[in-house]
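One structure is given here, and the rest of the page talks about it.
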Amino acid sequence: YSGPTKHYVEEHYDTGRILAQRVVPVLANDTAFYFCGGRGVIKSSFAEMQYSTVLRSNSHRHPFLGFI
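All letters in the sequence shown, in the order written, are residues 3 to 70 by our numbering.
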């Protein structure tokens with residue numbers, strides 16, 4: 003299994019509060035390109051949480067959506 007995680011980036015590695023996670027099975031014939039692009043796993047996962055919800059609940063922060 004694999005899957006994307008949305009979380010706040012804090013000063014220390016992996017300490018930010020998790021906003022959303024998704025568990026996705028990795029199929030035997032999946033490639034990195036197909037898993038991320040072809041099946042739309044990352045895109046559909048990020049669409050599950052509205053950007054405005056994050057802004058409303060954390061107005062003191064500056065959310066950034068991107069890939070590392």
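Ideal Cβ placement from N, Cα and C applies to all residues, glycine included.
Spatial distance of residue i from residue j (CA atoms)
i	j	result
T17	Y36	30 Å
V71	Y3	The question about residue 71 has no answer, for the chain in this structure spans 3 to 70.
F69	E13	For F69, the pLDDT reaches just 49, beneath the cut-off of 50, and the residue's location in the model is therefore unreliable, leaving the point undetermined.
D32	Y15	29 Å
Q23	A30	22 Å
V28	A34	10 Å
Residue i versus the options, residue with shortest Cα-Cα distance
i	options	result
I20	G5, H9, V28	H9
P6	Y15, V26, T33	V26
Delimiting residues of the beta strand (DSSP E) encompassing residue i
i	result
A22	20–23
T7	7–9
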